[in-house]
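Note that the protein sequences, when read in sequence, are chains A and B. For the first sequence, position 40 matches number 42 in the working numbering, and the numbering has no gaps at all. For the second sequence, position 4 matches number 8 in the working numbering, and the numbering has no gaps at all. Have a look at the structure below, then the notes.
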Amino acid sequence: MPVANIQVSETPMVLYTLRRADDALILGHRLSEWCGHAPMLEEDMALSNIALDLIGQARELYTYAAAVEGKDNDEDKLAYLRDVRQYRNLLLVEQPNGDFAQTLVRQFFYSAFADLYWRAMMTSRDATLAAIAAKSEKESAYHLRHASEWIIRLGDGTDESHVRAQTAIDHLWAFTGEMFAVDDGECALIHAGIAIDPGTLRGRWLTTLSDVISEATLELPQNDWMQQGGRAGRHSEHLGHLLSELQSMQRTFPGLTW
Amino acid sequence: MVTVLEHDSELRQRAWDAAASVVDPEIPVLTIADLGVLRDVVFDGDHVEVAITPTYSGCPAMNMIALEIEVALERAGFHRPKVRTVLSPAWTTDWMSEEGRQKLRAYGIVPPQAASSRRALFGGQAVACPQCGSDKTELLSEFGSTSCKALWRCKACREPFDYFKCH
Chain A
3 MPVANIQVSE
13 TPMVLYTLRR
23 ADDALILGHR
33 LSEWCGHAPM
43 LEEDMALSNI
53 ALDLIGQARE
63 LYTYAAAVEG
73 KDNDEDKLAY
83 LRDVRQYRNL
93 LLVEQPNGDF
103 AQTLVRQFFY
113 SAFADLYWRA
123 MMTSRDATLA
133 AIAAKSEKES
143 AYHLRHASEW
153 IIRLGDGTDE
163 SHVRAQTAID
173 HLWAFTGEMF
183 AVDDGECALI
193 HAGIAIDPGT
203 LRGRWLTTLS
213 DVISEATLEL
223 PQNDWMQQGG
233 RAGRHSEHLG
243 HLLSELQSMQ
253 RTFPGLTW
Chain B
5 MVTVLEHDSE
15 LRQRAWDAAA
25 SVVDPEIPVL
35 TIADLGVLRD
45 VVFDGDHVEV
55 AITPTYSGCP
65 AMNMIALEIE
75 VALERAGFHR
85 PKVRTVLSPA
95 WTTDWMSEEG
105 RQKLRAYGIV
115 PPQAASSRRA
125 LFGGQAVACP
135 QCGSDKTELL
145 SEFGSTSCKA
155 LWRCKACREP
165 FDYFKCH
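Put into structure tokens, the structure is as follows:
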């Protein structure tokens, strides 16, 4: 018998926390798909380690979202019993792993943002979000360094790796604009000092990108058309497939525990 | 009154010592007190409550550590203990005790070096080989066998080794 989706009362604060939790969970899950498949053992461990960090961050954020909502939900229900349209993650993080270059470019775009974002969120007036930020910013610094080194190695590597890295950059670029978008609910949280305005991070984010990408002998796209929708629950086809795997055990055996 | 207070502080010390005996399942030479993971022990009525903090958000050892704290306290005569996870202030390798650093080194893992900057996007940090002491070493991967370690190799004796990352 199918398990019903939970209902979530999406107040601005719940929604804000859920969006960040979903980013971390979906990207963590994507990276975990490399476990046992990465091109070398060290990289297998690196991607799995980063996945662990992200899923750990997601757990803290889901737990907090459930506490703020104050209903019957918890971290597991939020992760396992919401359908595609209830997920609020960035389109960027749900994009398939593709080849190794595409995985690392996705990671680089996200980590360059997350590193700035969590550092800024350490001053949030919300004590729990500030505490989660203080933990996450330490981890994101490693994630960014790891991805940056790979972008340079791939871009400034062989002709083949260069082409693949540039193709990935061009392909994923349109999904980066969503990181800097805010809606009315988030504006209110920004004014209250609970959230930070991501638009203020864009300049420094671009500087990090330019520095690494030029050292990698690659180019940033000039195209500024950006796709959006993830924050509002409008996703690419890929997320449904991802969730069907992520949620299969809880959907098949409701309430299953270890 | 004085005797009650003395009794309380002695009781707290006993509970602390029991909790502090729990070791990190992934680095069994270090106790959670050496690591700085053990933050506080308080009494809530008759029950003892232990506060721990995760090293990394996704550290899979935390559940096991919580379980073992409960077992250690039950064995020490504290019934139905509780373990609480605190996030703030965020754990840092600066909290690792000097004794813990020595134990790590003796175990073959290079302890975290305060001087190394995790903020530097690129650039060198010198980590001496725990086997032969040579500083001719190289980083193989930022991510090692557990969240908290990086994988290095000594160019002099060719031995790979773990470095406990500065965090």
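All C-beta atoms in this analysis are idealised placements derived from N, C-alpha and C, irrespective of residue type, glycine included.
Buried or exposed for residue i, please, with buried defined as at least 16 other CB atoms from any protein chain shown within 10 angstroms of its CB.
i	result
S61/B	buried
R105/B	buried
S50/A	buried
V6/B	Bear in mind that the predicted position of V6/B carries a pLDDT of just 46, short of 50, making it too unreliable to give a figure here.
S150/A	buried
W207/A	buried
C133/B	buried
T35/B	buried
L43/A	exposed
H193/A	exposed
R236/A	exposed
D128/A	buried
C136/B	exposed
F255/A	exposed
D38/B	buried
H39/A	exposed
Q168/A	buried
R87/A	exposed
F168/B	buried
W260/A	exposed
H171/B	buried
C152/B	buried
Determine the extent of the beta strand (DSSP E) in which residue i is found, giving its start and end residues.
i	result
A53/B	Rather than Ala, the amino acid found at residue 53/B in this sequence is Glu. Looking at the DSSP string, the run of the beta strand (DSSP E) that includes E53/B is 51-56.
D213/A	Looking at the DSSP string, D213/A is not in any beta strand (DSSP E); the run it does join, the alpha helix (DSSP H), is 204-217.
T169/A	Here T169/A belongs to no beta strand (DSSP E); instead the alpha helix (DSSP H) covers 161-174.
L34/B	31-35
L42/B	42-48
R88/B	86-89
Can you name the start and end residues of the alpha helix (DSSP H) that residue i belongs to?
i	result
T19/A	14-34
V56/A	In the sequence under discussion, the amino acid at residue 56/A is Leu, which differs from the Val named in the question. It spans 43-71 - the alpha helix (DSSP H) in which L56/A sits, taken as one unbroken run.
D186/A	186-193
T254/A	250-254
V75/B	65-79
Taking only runs of the alpha helix (DSSP H) that begin and end inside the segment 96-167 of chain B, which ones reach a length of at least 4 residues, in chain order?
-> 102-111
Counting pairs of Cβ atoms below 8 Å between the segment 17-29 of chain A and the segment 85-102 of chain A, do you hit three or more?
-> yes
Pair every Cβ in the segment 178-194 of chain A with every Cβ in the segment 148-160 of chain A, then say whether three or more of these pairs are closer than 8 Å.
-> no
Which runs of the alpha helix (DSSP H) fall wholly inside the segment 79-159 of chain A and span at least 4 residues, in chain order?
-> 93-96, 102-123, 129-157
Select from the segment 55-72 of chain B all residues with a C-beta closer than 8 Å to any C-beta belonging to chain A, and list them in chain order.
-> P58, Y60, S61, G62, C63, P64
Name the residues in the segment 57-73 of chain A whose C-beta lies less than 7 Å from a C-beta of chain B; which are they?
-> I57, G58, Q59, E62
Quick one: any contact between the segment 57-73 of chain B and the segment 46-60 of chain A, if contact means 3 or more CB pairs under 8 Å?
-> yes
Does the count of Cβ pairs from the segment 41-51 of chain B and the segment 79-92 of chain B closer than 8 Å reach three?
-> yes
Residues of the segment 139-151 of chain B with Cβ closer than 9 Å to any Cβ of chain A, in chain order | L144, S145, E146, F147, G148, S149, T150, S151
Counting pairs of beta carbons, one from the segment 187-200 of chain A and one from the segment 6-24 of chain A, are three or more of them closer than 8 Å?
-> yes
For the segment 130-157 of chain A, which residues have a beta carbon sitting closer than 8 Å to at least one beta carbon of chain B?
-> T130, A132, A133, I134, A136, K137, S138, K140, E141, A143, Y144, L146, R147, H148, S150, E151
Could you list the residues in the segment 71-94 of chain A with a C-beta less than 9 Å from some C-beta on chain B, going in chain order?
-> none
For the 8 Å Cβ check, are there 3 or more pairs between the segment 59-72 of chain A and the segment 158-168 of chain B?
-> no
Quick check: the segment 135-152 of chain A against the segment 102-110 of chain A, are there 3 or more CB pairs under 8 Å?
-> yes
The segment 118-133 of chain A contacting the segment 143-156 of chain B, beta-carbon criterion three pairs below 8 Å | no
Would you call the segment 72-80 of chain A and the segment 211-227 of chain A touching, i.e. three or more CB-CB distances under 8 Å?
-> no
Near-chain A residues of the segment 92-120 of chain B - C-beta to any C-beta below 9 Å = S92, P93, A94, W95, T96
Chain A contacts from the segment 74-92 of chain B (Cβ-Cβ distance under 7 Å) = L91, S92
Where the segment 37-51 of chain B meets chain A: residues whose CB sits under 8 Å from a CB there = none
Residues in the segment 32-50 of chain A with C-beta within 7 Å of chain B's C-beta atoms, listed in sequence order?
-> E44, M47, A48
Which residues, in order along the segment 153-165 of chain B, keep a beta-carbon less than 7 Å from a beta-carbon of chain A?
-> L155
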